[in-house]
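Q:
Numbering (the working numbering), first residue to last: 29 to 415.
1) State the start and end residues of the unbroken beta strand (DSSP E) segment that holds residue 213.
2) Residue 47 by DSSP, collapsed to three states: which one?
3) Tell me where the beta strand (DSSP E) around residue 147 begins and ends.
4) With DSSP as the reference, please indicate the residues paired to residue 225 in a beta bridge.
5) For residue 255, is the classification buried or exposed, using 16 other Cβ atoms within 10 angstroms of its Cβ as the cut-off for buried?
6) Does the count of Cβ pairs from the segment 162-173 and the segment 123-142 closer than 8 Å reach three?
7) How far does the alpha helix (DSSP H) with residue 60 in it extend, from its first residue to its last?
8) What residue range does the beta strand (DSSP E) around residue 318 cover?
9) Is it buried or exposed for residue 222, if we count other Cβ within 10 angstroms and need 16 for buried?
10) Below 8 Å, can you find three or more Cβ-Cβ pairs linking the segment 226-246 to the segment 173-189?
11) Considering residue 88, what are the terminal residues of the alpha helix (DSSP H) in which it resides?
12) Taking the beta carbon of residue 416 as the centre, do at least 16 other beta carbons fall within 10 Å, making it buried, or is it exposed?
13) Within 10 Å of its beta-carbon, does residue 298 have 16 or more other beta-carbons around it, so buried, or fewer, so exposed?
14) From 65, 165, 136, 145, pick the residue whose C-alpha is nearest to that of residue 151; which is it?
15) Taking the C-alpha atoms as reference points, what is the distance between residue 81 and residue 246?
16) Does the Cβ of residue 198 have 16 or more other Cβ atoms within 10 Å, making it buried, or fewer, making it exposed?
17) How many angstroms separate the CA atom of residue 362 from the CA atom of residue 308?
18) Which residue from 397, 163, 62 puts its Cα closest to that of residue 200?
19) Quick one: which unbroken alpha helix (DSSP H) runs of 4-plus residues sit fully inside the segment 140-196? Chain order, please.
20) Considering just the uninterrupted stretch of the alpha helix (DSSP H) at residue 70, what are its terminal residues?
21) Taking its Cβ as the centre, do 16 or more other Cβ atoms sit within 10 Å of residue 285, making it buried, or is it exposed?
22) Rounding to the nearest angstrom, what Cα-Cα distance links residue 47 and residue 62 in this structure?
23) Spatial neighbours of residue 413 within its chain, please: CB distance less than 8 Å, with the 5 preceding and 5 following residues excluded, ordered by chain position.
24) Just the C-alpha distance for residue 210 and residue 202, rounded to the nearest angstrom, thanks.
25) Report the rounded CA-to-CA distance for residue 331 versus residue 194, giving the unit in angstroms.
26) Within the continuous beta strand (DSSP E) that includes residue 133, where are the two ends?
27) Considering residue 393, what are the terminal residues of the beta strand (DSSP E) in which it resides?
28) Of all the options 212, 208, 204, 217, which has the alpha carbon lying nearest to the alpha carbon of residue 196?
29) Could you tell me if residue 74 is buried or exposed, where buried requires 16 or more neighbouring beta carbons within 10 angstroms of its beta carbon?
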């Protein structure tokens with residue numbers, strides 16, 4: 029039977045076979061590598077992998093991976109579908125004490141906050157993974173942690189791709205004064221070719237809001253930066269007002285640029301978590317929470333302007349949380365992805381990171397997944413890529 033199947037396949041022109049293969053999910057492609065050397069050579073080629081990835085993105089919504097945030101073996105093993113997407117709880121063949129900081133082309137970048145565990149780039153669909161050494165700032169954080177220092181920053185890892193060379197780059201950008209270093213900021217980039225970290229000089233001339241996770245879009249990493257403007261009168265304790273601006277790092281030229289001023293409410297020290305950055309429908313977005321509403325701003329890169337994509341009334345979401353204070357707090361509910369165009373997947377700011385869907389048409393909420401143990405949800409599109 030297998031011989032008959034192989035013979036019929038060989039009758040098809042190979043370009044037709046490629047078009048058929050491009051429409052298959054990754055797990056099927058991994059099995060079909062054993063059909064013939066030609067099929068294996070095809071699926072291993074960068075051209076095919078790029079075409080397969082683009083076709084999958086066009087044909088369905090993103091998937092969501094729920095990564096356990098603890099070593100508890102009893103964390104829910106869950107898999108379910110919503111619209112054209114699916115969500116699942118996953119464990120990787122690496123340390124469970126690694127945290128994920130976003131995805132790029134179906135690859136996830138995981139790193140440890142307080143331990144000497146090597147950082148890892150992993151492809152959840154193929155189970156491929158590659159470890160790489162700690163950055164200099166990670167060593168500084170571990171040193172402070174081991175000394176039981178109470179207050180110290182935790183820079184967020186950025187991960188993206190140089191569009192010109194196709195090279196993937198983990199990046200740490202952090203304010204130098206927080207680690208008693210020179211210059212305004214320090215930027216470290218990992219080079220997979222040399223398997224070493226290096227400094228980007230010059231780094232950003234503007235301090236960043238370091239508790240926001242950078243987001244990747246179209247060859248650049250984006251950060252929020254601030255410039256102090258004045259001390260607010262009649263405020264006690266004294267508060268400083270500042271302007272929030274959008275900062276980009278081009279991953280090919282490794283240069284920084286302040287793009288524009290952000291039009292949303294300028295946060296003060298008490299409500300820095302009222303805004304979060306995200307990528308929705310291939311657009312750079314910022315969610316701004318001002319109870320009972322949460323506005324989602326979309327950035328137009330061509331005109332360098334911001335517009336409100338949608339406004340969410342959060343009062344209907346209160347019943348989804350056991351601790352009602354989570355819904356009413358100033359912390360924004362991070363947006364994860366659009367599902368079937370008119371539904372928005374949101375992550376709760378509660379301890380377990382409850383997932384729920386907001387329907388833009390009916391303006392209603394539906395509970396999607398309430399884990400019994402804390403998880404870190406991240407959206408991604410499966411691929412065959414590796415570093």
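Where is the CB? At the ideal position from N, CA and C, for every residue including glycine.
A: According to the data block:
1) From DSSP, the beta strand (DSSP E) with residue 213 extends over 213-219.
2) The answer is helix: DSSP assigns residue 47 an H, G or I state.
3) Element bounds for residue 147: 147-150.
4) In the DSSP secondary-structure assignment, residue 225 is bridged to 218.
5) Per the 10 Å Cβ criterion, exposed.
6) Result yes; three or more Cβ-Cβ pairs closer than 8 Å.
7) Segment 54-60, the alpha helix (DSSP H) holding residue 60.
8) Start and end: 311-318.
9) Its Cβ having fewer than 16 others within 10 Å, residue 222 is exposed.
10) These segments touch.
11) Note, residue 88: premise wrong, no alpha helix (DSSP H); not H, not E.
12) The requested residue 416 does not occur in the structure, where the chain is confined to residues 29 to 415.
13) In this predicted model, residue 298 has a pLDDT of only 48, less than 50, meaning its place in the structure is not dependable enough to derive any value.
14) Scanning 65, 165, 136, 145 for the CA closest to the CA of residue 151 turns up 136.
15) Taking the straight line joining both Cα atoms gives about 15 Å.
16) The residue is buried, with at least 16 neighbouring Cβ atoms inside 10 Å.
17) Near 11 Å, if we compare the C-alpha coordinates of residue 308 and residue 362.
18) Checking every option, the nearest Cα to that of residue 200 belongs to 163.
19) Counting whole runs of 4 or more residues, the segment 140-196 contains the alpha helix (DSSP H) stretches 164-174.
20) For residue 70, the enclosing alpha helix (DSSP H) stretches over residues 65-72.
21) Taking all protein chains shown into account, residue 285 has fewer than 16 neighbouring C-beta atoms within 10 Å of its C-beta and is therefore exposed.
22) Approximately 18 Å, taken between the alpha carbons.
23) The answer, listed in chain order, is 77, 81, 133, 134, 135, 151.
24) If I take the Cα positions, the gap works out to 12 Å.
25) Approximately 27 Å, taken between the alpha carbons.
26) For residue 133, there is no enclosing beta strand (DSSP E), as DSSP marks it with neither H nor E.
27) Membership of residue 393 in the beta strand (DSSP E) is indicated by the continuous run 392-397.
28) Out of 212, 208, 204, 217, 217 has the C-alpha closest to the C-alpha of residue 196.
29) Around the C-beta of residue 74, fewer than 16 other C-beta atoms lie within 10 Å, and the residue is accordingly described as exposed.
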